[in-house]
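Note sheet for the following structure.
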Amino acid sequence: MEISLWQIIFLSLYAFVAQLDALSLQISLGVPLMAGFVTGLVMGDVSMGLTVGATLQLMVLGVATYGGATVPDFMSAAIIGTAFAIMSGQNVEFALGIALPIGLLLTQLDILARLSNTYFQHKADRYAEEGNPDGVARMNLLGIFPWGLSRAIPVFLGLYFGSDVVKAITAYLPQWLMGGLKVAGGILPAMGIAILMRYLPLRKFYPFMIIGFVMAAFMKVSLIGIALLGFALAAAYLYLKGDLKPQAEGGDIDD
Amino acid sequence: MTDSKAEKKITRKDIIRVFWRTILGLQMGWNYEKMQGLGYCFAILPILKKLYRTKEEMIKALKLHLQFFNTTPAMAHLIVGADIAMEEAYGISNEDTISGIKTGLMGPFAGIGDTVFVAIYRTIVFSLGSYMALEGNVIGALWPIIPAILIWWVRYEFTVIGYEQGRKIAVGFANQLKQLTEGAAILGLTVIGGLAPAVVKANVPLVFKTGDVELKVQDMLDKIMPSLVPIAIVLLSYWLLGRKGFNSTRLILFLVCLGVVLYNLKILG
Numbered sequence: 647m648e649i650s651l652w653q654i655i656f657l658s659l660y661a662f663v664a665q666l667d668a669l670s671l672q673i674s675l676g677v678p679l680m681a682g683f684v685t686g687l688v689m690g691d692v693s694m695g696l697t698v699g700a701t702l703q704l705m706v707l708g709v710a711t712y713g714g715a716t717v718p719d720f721m722s723a724a725i726i727g728t729a730f731a732i733m734s735g736q737n738v739e740f741a742l743g744i745a746l747p748i749g750l751l752l753t754q755l756d757i758l759a760r761l762s763n764t765y766f767q768h769k770a771d772r773y774a775e776e777g778n779p780d781g782v783a784r785m786n787l788l789g790i791f792p793w794g795l796s797r798a799i800p801v802f803l804g805l806y807f808g809s810d811v812v813k814a815i816t817a818y819l820p821q822w823l824m825g826g827l828k829v830a831g832g833i834l835p836a837m838g839i840a841i842l843m844r845y846l847p848l849r850k851f852y853p854f855m856i857i858g859f860v861m862a863a864f865m866k867v868s869l870i871g872i873a874l875l876g877f878a879l880a881a882a883y884l885y886l887k888g889d890l891k892p893q894a895e896g897g898d899i900d901d
Numbered sequence: 008m009t010d011s012k013a014e015k016k017i018t019r020k021d022i023i024r025v026f027w028r029t030i031l032g033l034q035m036g037w038n039y040e041k042m043q044g045l046g047y048c049f050a051i052l053p054i055l056k057k058l059y060r061t062k063e064e065m066i067k068a069l070k071l072h073l074q075f076f077n078t079t080p081a082m083a084h085l086i087v088g089a090d091i092a093m094e095e096a097y098g099i100s101n102e103d104t105i106s107g108i109k110t111g112l113m114g115p116f117a118g119i120g121d122t123v124f125v126a127i128y129r130t131i132v133f134s135l136g137s138y139m140a141l142e143g144n145v146i147g148a149l150w151p152i153i154p155a156i157l158i159w160w161v162r163y164e165f166t167v168i169g170y171e172q173g174r175k176i177a178v179g180f181a182n183q184l185k186q187l188t189e190g191a192a193i194l195g196l197t198v199i200g201g202l203a204p205a206v207v208k209a210n211v212p213l214v215f216k217t218g219d220v221e222l223k224v225q226d227m228l229d230k231i232m233p234s235l236v237p238i239a240i241v242l243l244s245y246w247l248l249g250r251k252g253f254n255s256t257r258l259i260l261f262l263v264c265l266g267v268v269l270y271n272l273k274i275l276g
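Sequences listed follow chains A and B, in order. FYI, in this note's numbering the residues of the first sequence are 647 to 901. FYI, in this note's numbering the residues of the second sequence are 8 to 276.
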């Protein structure tokens, strides 16, 4: 399937807005899951979009911008990967094989956006010297453009020049690489989990992780069931430790 | 002259304006030099305009709030709230205190906030969403909007709490949050434990043949423990991340290479 100009423009605008959302309202437009879904919707293959988005999402689960660190841009990568796979009639593994290197490459543009904003900070500092509050406010808002464009431009260029490039890529990709990338796509979510394990107090609370693992691996409990169990365990732990008092119940029957 | 308007200068409407400006603008001007400094100044600007009528005061206030600032966006509301209360009470004359509280709170608040509002929040919200999406359920992609809007409410409450309690209680509130963090960490780790076998896919197609006997390696592994290979890869990744100079980008490259190599050795497929 060929991609039309309006689809390219819509997805580029989406990438622009999605990045701003990730910085402000955070209603999840800026995560790979939603980006994959929206791309699938626009390109007419929702199930592909969901699968690509969700797989990338699981890989980057723990990769968040703590303290402003730059991370690979898997939101834009999800858009490009999903669109390419649908355009060339390929499968999910193909989409992931494209999305991974693109996400890593786009790290550079995130750095560029954060660098560009330094210019606005300097101008704001000058407005402050003049006692001009509106000038300062305007400089903050101008940050919208480096941020949004750092996502919209690669998506636009990728999709605009992409279809020929995609065909060329598909023709040349050997089986050892495609098969390997498929396996890699399967094990990459381990990274997201490992990063979260590093971030959370695993040494102190490791028994709870084992409980979660046993519930899933041996007893095949669904993730929602495990989340409920985790909530119960957390509440029980705090009650027993005495940090939380259980809500007082109504009148005692024995009285 | 300034004393005439000293009483009850800040209204609820002002607080709401600062709340929205913090949500929308705190990170728009994010830059390597002052990080959220530009955004913080943007957020508190309506208060500055209301409190400081002379040019000297305004210059002083703008410079103060353009200073380096960085914390978890949700936690910034507590700080900006407390800041409003202090500036309303003492004005800009007390700039060292204001600056001290901002920088003093942003670090510890980021520690708590990054765990609760980033790590654990994302683990729970997006692992459930991805899990549903992988089963082809559209709700999986859409449902994160609901907790996101709940977080807006939390952030609004934080702004009000910060303002009403001022510095002292804002610090006390951090201790309560520590207990909340412990509970949230337990929830997060339980989910992570369940996530590993659910989402890491590693199938071993290897088959040993001795005479007529066929030995499927995957079946043997399953008898030892289900999801043995996935959890082993998770633990290997965890261990690698703890090594010096090993970051997430390197881990991606490592896992991609590992996948390609193991596929071609016919160990995984």
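The beta carbon of each residue, even a glycine, is placed where N, CA and C say it ideally should be. Note that the structure is predicted; figures quoted are calculated from it, not measured.
Alpha carbon of residue i to alpha carbon of residue j, nearest angstrom
i, j, result
"A:PHE662", "B:ALA191", "32 Å"
"B:ALA177", "A:LEU750", "Any reading at B:ALA177 needs caution, since the residue's pLDDT is 46, under 50, leaving its predicted position unreliable; the model's value is listed next. The straight-line gap from Cα to Cα measures roughly 39 Å."
"B:VAL207", "A:ALA836", "6 Å"
"A:LEU920", "B:LEU265", "Absent from the model: residue 920 of chain A. The displayed extent of chain A is 647 to 901, so no value can be given."
"B:GLN34", "A:LEU669", "6 Å"
"A:GLU947", "A:SER658", "Because residue 947 of chain A is not part of the residues shown, which for chain A are 647 to 901, the question remains open."
"A:ASN737", "B:THR256", "25 Å"
"A:SER674", "A:ASP667", "7 Å"
"A:MET694", "A:THR728", "7 Å"
"B:GLY252", "B:VAL220", "47 Å"
"A:MET733", "A:MET647", "5 Å"
"A:ILE790", "B:LEU45", "13 Å"
"B:VAL1", "B:GLU40", "In the structure as shown, chain B starts at 8 and stops at 276, and residue 1 of chain B therefore has no counterpart that could be examined."
"B:ASN210", "A:LEU827", "14 Å"
"A:TRP793", "A:VAL692", "27 Å"
"B:ALA50", "A:ARG772", "18 Å"
"B:VAL268", "B:THR130", "29 Å"
"B:ALA140", "A:ASP810", "30 Å"
"B:LEU194", "B:GLY218", "50 Å"
"A:GLY831", "B:ALA83", "37 Å"
"A:GLY858", "B:SER234", "13 Å"
"A:ALA863", "B:LEU85", "41 Å"
"A:ALA681", "A:ALA664", "8 Å"
"B:VAL198", "A:ILE757", "32 Å"
Residues near residue i in its chain [Cβ-Cβ closer than 7 Å; skip 5 each side]
i, result
"A:PHE656", "VAL688"
"B:THR61", "none"
"A:VAL867", "MET861"
"B:PRO80", "LEU33 and GLN34"
"B:TYR59", "MET65, ALA68 and ILE99"
"A:LEU704", "PRO835 and GLY838"
"B:TRP37", "GLN43 and GLY46"
"B:VAL161", "ALA81"
"A:PRO800", "SER722, LEU752 and LEU755"
"A:VAL677", "GLN703 and MET721"
"B:LEU73", "LYS41, GLY44, LEU45 and CYS48"
Contacts around residue i, its chain only, beta-carbon distance under 8 Å, and the 5 residues preceding and following it disregarded
i, result
"B:ARG24", "PRO53"
"B:LEU71", "ILE99, GLU102, ILE105 and SER106"
"A:LEU795", "PHE662 and ALA759"
"A:PRO986", "The displayed coordinates of chain A run from 647 to 901. Any statement about residue 986 of chain A would go beyond what the structure contains."
"B:GLY114", "THR78"
"A:GLY808", "ILE649, ILE726, ALA729, PHE730 and MET733"
"B:ILE22", "GLY88, ILE91, THR166, VAL167 and TYR170"
DSSP beta-bridge partners of residue i
i, result
"B:LEU248", "DSSP lists no partner for B:LEU248."
"B:MET42", "B:ASN38 and B:PHE76"
"B:LEU222", "B:PHE215"
Near the ligand MN: residue i beta-carbon under 8 Å from a heavy atom
i, result
"A:ASP780", "You won't find the ligand MN in this model; it holds no ligand whatsoever."
Cβ shell of residue i (< 6 Å), same chain only, five flanking positions each side left out
i, result
"A:ALA723", "ALA745, ILE748 and GLY749"
"A:MET785", "PHE766, LYS769 and ALA770"
"A:GLY777", "none"
"B:ALA203", "PRO237, ILE238 and VAL241"
Per-residue contacts from residue i into chain E (C-beta, under 7 Å)
i, result
"B:LEU269", "No chain E is present in this structure, whose protein chains are A and B."
Would you say the stretch 136-153 of chain B touches the stretch 107-117 of chain B, given that touching needs at least three Cβ pairs under 8 Å?
no
Check whether the stretch 836-855 of chain A and the stretch 235-246 of chain B are in contact - that is, three or more C-beta pairs closer than 8 Å.
These segments touch.
Please identify, using Cβ separations under 7 Å, the residues of the stretch 24-42 of chain B that lie next to chain A, in order along the chain.
ILE30, LEU31, GLY32, GLN34, MET35, GLY36, TRP37, ASN38, TYR39, GLU40, LYS41 and MET42
Within 8 Å, do at least three Cβ pairs link the stretch 209-229 of chain B to the stretch 871-880 of chain A?
Contact fails: fewer than three Cβ-Cβ distances are below 8 Å.
When you check each C-beta in the stretch 836-848 of chain A against every C-beta of chain B, which residues fall closer than 9 Å?
ALA836, MET837, GLY838, ILE839, ALA840, ILE841, LEU842, MET843, ARG844, TYR845, LEU846, PRO847 and LEU848
Residues in the stretch 775-788 of chain A with C-beta within 7 Å of chain B's C-beta atoms, listed in sequence order?
With the criterion set as a beta carbon lying under 7 Å from some beta carbon of chain B, the members of the stretch 775-788 of chain A are GLU775, GLY777, PRO779, VAL782, ALA783, MET785, ASN786 and LEU787, in sequence order.
If the cut-off is 7 Å on Cβ atoms, which residues from the stretch 57-79 of chain B count as contacting chain A, listed in chain order?
Residues LYS62, MET65, ILE66, LEU69, LYS70, LEU73 and ASN77.
Between the stretch 673-687 of chain A and chain B, which residues of the former have a C-beta closer than 7 Å to a C-beta of the latter?
ILE673, SER674, VAL677, LEU679, MET680 and PHE683
According to a CB-to-CB cut-off of less than 9 Å, which residues of the stretch 194-210 of chain B neighbour chain A?
Taking 9 Å as the Cβ-Cβ cut-off against chain A, the residues of the stretch 194-210 of chain B that qualify are LEU194, GLY195, LEU196, THR197, VAL198, ILE199, GLY200, GLY201, LEU202, ALA203, PRO204, ALA205, VAL206, VAL207, LYS208, ALA209 and ASN210.
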